[in-house]
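Visitor: This is the structure I want to talk about, given as structure tokens.
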């Protein structure tokens, strides 16, 4: 059944971590249920696996805690309640694992004494824990590398878009320069036409003036 908050804006990353946490919790609870029936080396191995699962669960809780701050306040109350429920479940599992780990007679079997000092066992557990952490770190590194590759691809696509936009802008500037040239030539043509019109007007006035003077001279000669 899907979570009702999965479609709310801002809760996608939280829900993804939550789904992963549920898988880790199921695996952790299964290991905790198996430990009481084991003894000796099998019990140690099961406890070590449960510790690694618990560590992974805590890491997921930390990631969910960070994602909560990005969730809109309208849905944050429900998300906080879900987070507290998961946190409480992990605390219960942690106490149960500690109780099982403290049962050293079941853990060491016939080799258990009141003052155990199994250095090799401790070193082996540290080695297994370190190896598991290295594996998880490698997986996170691969995921980060994939994200970096995706980001690089997006960046290259963005640069290509910017380059095309730059070419369009440069083409627009060329067209504008050409348009300015056309406008300048049009202005010059208009000015030439205006000068010719003014010249024609002056010539016309002069002709009319000469005609008027001739008419006046003819009339004057008739009456003189």
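In the UniProt record's numbering, the protein residues as written are 1 to 224.
We put the CB at the ideal spot given by N, CA and C, even for glycine.
Excluding five sequence neighbours on each side, which residues of the same chain lie with their C-beta closer than 8 angstroms to the C-beta of residue 208?
Guide: Excluding positions up to five away in sequence, the list is empty.
Visitor: So, helix, strand or coil for residue 11, using DSSP?
Guide: DSSP places residue 11 in coil when its eight states are reduced to three.
Visitor: Scan the region 32-97 and note each continuous alpha helix (DSSP H) run of 4 residues or more that stays entirely inside, going in chain order.
Guide: Counting only runs of 4 or more, we get 40-68.
Visitor: Should the region 76-91 be called in touch with the region 14-29, which here means at least 3 C-beta pairs below 8 angstroms?
Guide: The answer is yes - the region 14-29 touches the region 76-91, with three or more Cβ pairs under 8 angstroms.
Visitor: Here's the rule: buried if 16 or more other CB atoms are within 10 angstroms of the residue's CB, otherwise exposed. What is residue 71?
Guide: Counting Cβ neighbours within 10 Å, residue 71 comes out buried, since at least 16 surround it.
Visitor: Taking its Cβ as the centre, do 16 or more other Cβ atoms sit within 10 Å of residue 144, making it buried, or is it exposed?
Guide: Exposed, because fewer than 16 other Cβ atoms sit within 10 Å of the Cβ of residue 144.
Visitor: Is residue 103 helix, strand or coil by DSSP?
Guide: Three-state DSSP puts residue 103 in coil, outside helix and strand.
Visitor: Does the distance from the CB of residue 129 to the CB of residue 52 come in under 8 angstroms?
Guide: Contact: yes.
Visitor: Pick from 61, 44, 95: whose alpha carbon is nearest that of residue 79?
Guide: Among 61, 44, 95, the Cα nearest to that of residue 79 is on 61.
Visitor: Determine the direct distance from the alpha carbon of residue 186 to that of residue 206, and round the result to whole angstroms.
Guide: One C-alpha to the other measures close to 30 angstroms.
Visitor: By alpha-carbon positions, which one of 11, 175, 43 ends up nearest to residue 66?
Guide: Comparing Cα-Cα distances from residue 66 to each of 11, 175, 43, the minimum goes to 11.
Visitor: By Cβ distance, which residues of its chain are closer than 8 angstroms to residue 177, with the 5 residues on each side in sequence left out?
Guide: Within the same chain, residue 177 has no close Cβ partners at all.
Visitor: Rounded to the nearest angstrom, what separates residue 13 and residue 159 at their Cα positions?
Guide: So the two alpha carbons sit approximately 28 angstroms from each other.
Visitor: Who are the near neighbours of residue 27 in its chain, counting only those whose CB is closer than 7 angstroms to its CB and skipping five residues on each side?
Guide: Here the set comprises 53.
Visitor: Alpha carbon to alpha carbon, how far is residue 199 from residue 193?
Guide: Those two C-alpha atoms are separated by around 10 angstroms.
Visitor: Measure the beta-carbon distance from residue 63 to residue 17 and round it to whole angstroms, keeping in mind my assumption that it falls under 8 angstroms.
Guide: That belief holds up - the Cβ atoms of residue 63 and residue 17 are roughly 5 angstroms apart, short of 8 angstroms.
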